[in-house]
Amino acid sequence: MAYSNAELESLRTAIVNLRRHDDTQRGTIADAVASGKCPSHLAPFYPVAESCPGLFQRLTSDPLLRRYGFYALFPQLYTRIYGEGKRPRVAFDGRTRGRLAIFRFDEEPGIVVKPWQNGREDAIAKLAEDGGAGPQQLPSLEGYLVEKLLPGDFFTDLPLESLAGDTLFRVGQRVGAILASLHSRMICYNDTTLSDPDGRAHLFIDFQDSGKEISEPGCRLIDFGVSVLLDRFPDLEFEEVYNLVRTTPEFRLLSRMGLGPQEMGQFLAQYRHRLRAVSPEEILGRDLRIAEEGLRLVARRVGDTGTAALKEGIASGYGNVL
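Just so you know, we're using my numbering here: the sequence shown kicks off at -18 and counts up by one.
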């Protein structure tokens, strides 16, 4: 079952508008699903039921939407699924912030779809791609990133034997080079988590590339949801201020104290004022501090010698690029 260009435009508009719904609209859709008027997998398209009832009726008999949800209508997936008849395997992963949909094909790279976590994430992700720091960005719909699935594994998922020899130093070099590339583009990654208390990381490593020169993309960072583009500094939106503060120990302490919305708003206003007294370079420097803090957790896996090699590599890679 294929859709005309006009129908696709209507359906994709419904997808884009999802993030703009107010509580009343979300409640109307939830009631329609609860009453059986709208199948749960078609909830994103319920507004189409009123504007284009015939089209909505067709959706109810589309097995591909039942299987893949609204993701099947994204540009990079629609052509493959509806036009070429491919049937990728799909999995949903919430390991990083936000819900990812991961599509794997048999004979071509997979595709990842994730919602924006901040209003400039698409611009940041594209700059990161251009600098060899993040995944390849593909055409998408407003409000969502569509990325080429990276080969390899999370750093924290790699077996210890794969980190022998000078591997940790070379990984550190690549991390340093990635951060330098981001900083040259005024991007504060803001979450350089090599390992957190739960053993998670944002660093992907492909060992097919790891033996090449440092300019090769053997390592990439994923998830730019809390990253901040400082090209307009010190004029920052409150969302950007919030992202800068949410990765600080101060914010974690205040969150545990249970600040209400009003108190949190006052705190963010004060923090925004404080940021005007620092330089962009100081803000960018937090990436290196976060990485160094994470090394204490990495040491549990690779020991002090491996951690020292990783730290030395980060300093080397960062300095070689700047």
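Heads up, the beta-carbon is just placed ideally off N, CA and C, and yes, glycines get one too. Since this is a predicted model, take the numbers as computed values, not measurements.
Next item on the list: Give every residue of the same chain whose Cβ lies closer than 7 Å to the Cβ of L36, excluding the five residues on either side of it in the sequence, and list them in chain order.
Entry: E(-12), S(-9) and V29
Note to self: On a Cα-Cα basis, can you pick out the residue from D4, L45, P44 and N(-2) that is closest to F26?
What the structure shows: N(-2)
Notebook entry, point to check: Enumerated in chain order, which unbroken segments of the beta strand (DSSP E) with a length of 3 residues or greater are wholly contained in the segment 91 to 179?
Noted result: 92 to 96 and 125 to 129
Note to self: So, does the segment 57 to 72 touch the segment 80 to 89, judging by three or more C-beta pairs under 8 Å?
What the structure shows: yes
Note to self: Let's see if you can read the secondary structure: which residues bound the alpha helix (DSSP H) around D212?
What the structure shows: Per DSSP, D212 belongs to no alpha helix (DSSP H) and is neither H nor E.
Next item on the list: May I ask you to report which of helix, strand or coil DSSP gives A258?
Entry: coil
Notebook entry, point to check: Does the count of Cβ pairs from the segment 205 to 213 and the segment 159 to 178 closer than 8 Å reach three?
Noted result: yes
Notebook entry, point to check: In three-state terms, what does DSSP make of A(-17)?
Noted result: coil
Notebook entry, point to check: Just how far apart, CA to CA, sit R181 and Q38?
Noted result: 43 Å
Notebook entry, point to check: Are V93 and L58 close, meaning C-beta to C-beta below 8 Å?
Noted result: no
Next item on the list: Run through the segment 22 to 98 for me and flag every whole beta strand (DSSP E) of 3 or more residues, listed as ranges in chain order.
Entry: 70 to 74, 81 to 85 and 92 to 96
Check: Are the beta-carbon atoms of C200 and V156 separated by less than 8 Å?
Finding: yes
Check: In chain order, what residues of the same chain lie with their CB nearer than 6 Å to the CB of A304, ignoring the 5 residues before and after it?
Finding: Residue 304 is absent from the structure shown; the chain starts at -18 and stops at 303.
Check: Whose C-beta lies closer than 7 Å to the C-beta of I159 among residues of the same chain, with five residues either side of it excluded?
Finding: A114, C200 and L202
Margin query: Taking its Cβ as the centre, do 16 or more other Cβ atoms sit within 10 Å of G146, making it buried, or is it exposed?
Written below: exposed
Next item on the list: With a threshold of 16 other CB atoms inside 10 Å of the CB of A104, please say whether the residue is buried or exposed.
Entry: exposed
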